[in-house]
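Take a look at the structure below.
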Amino acid sequence: MNKAIFALVAMLSAASGCATDAYVYRDQPLVAKVETGMDKEQVQNIGGKPLSETQRTVVPGTCFDYMLTQAGKKQPYHVSFDGAGKVDHTSFMTCAEWSRAQQKSREAPSNMGGYGGSGY
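Those letters in the sequence shown? Residues -19 to -1, 1 to 101, per mature numbering (1 follows the signal peptide of the UniProt record, and there is no 0), in order.
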């Protein structure tokens, strides 16, 4: 299998895990109230000071890392901001994990699967 298929499977696995996380943590203020287009101040008014703020590595912008706690369990959560400082992504992973996922999705496949044809 080529890297593109592995990347797709990894992304789909992460997305399916997010559905469960969203259900468990749906009432957490960051999950329930943060919306695309909000600025950093609005996000901090909802979720408080992040654990860390990092520069994004793939697309210009910054990213806040948070740790959600529900029923004694902890779950990373990030809020990512575009170059204008507006929310453009949130997810149940760290900023570093999101950056790696973005990087992998932008990498060109090194081969097309071997035997030619359409790949099916």
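Here a beta-carbon is modelled for each residue, glycine too, at the ideal position from N, C-alpha and C.
For a quick check, are the C-beta atoms of D46 and T71 less than 8 Å apart?
No, the pair does not count as a contact, with Cβ atoms beyond the cut-off.
Integer-rounded CB distance, given that V68 should sit under 8 Å from G18
For a cut-off of 8 Å, the C-beta gap from G18 to V68 is around 6 Å, short enough to register as a contact.
Would the segment 73 to 87 count as touching the segment 29 to 45 if we require 3 or more Cβ pairs under 8 Å?
Here the segment 73 to 87 lies against the segment 29 to 45, with 3 or more beta-carbon pairs under 8 Å apart.
On the criterion of 16 or more Cβ atoms from any shown chain inside 10 Å, does M(-19) qualify as buried, or is it exposed?
Caution applies to M(-19), whose pLDDT of 44 falls short of 50 and renders its modelled position unreliable; the model cannot decide the point.
Assuming V15 contacts A3 (C-beta within less than 8 Å), just tell me the rounded distance between them.
In this structure V15 is not in contact with A3, their Cβ atoms being roughly 13 Å apart against a cut-off of 8 Å.
Do the CB positions of K21 and G66 come within less than 8 Å of each other?
Cβ distance < 8 Å, so K21 and G66 count as in contact.
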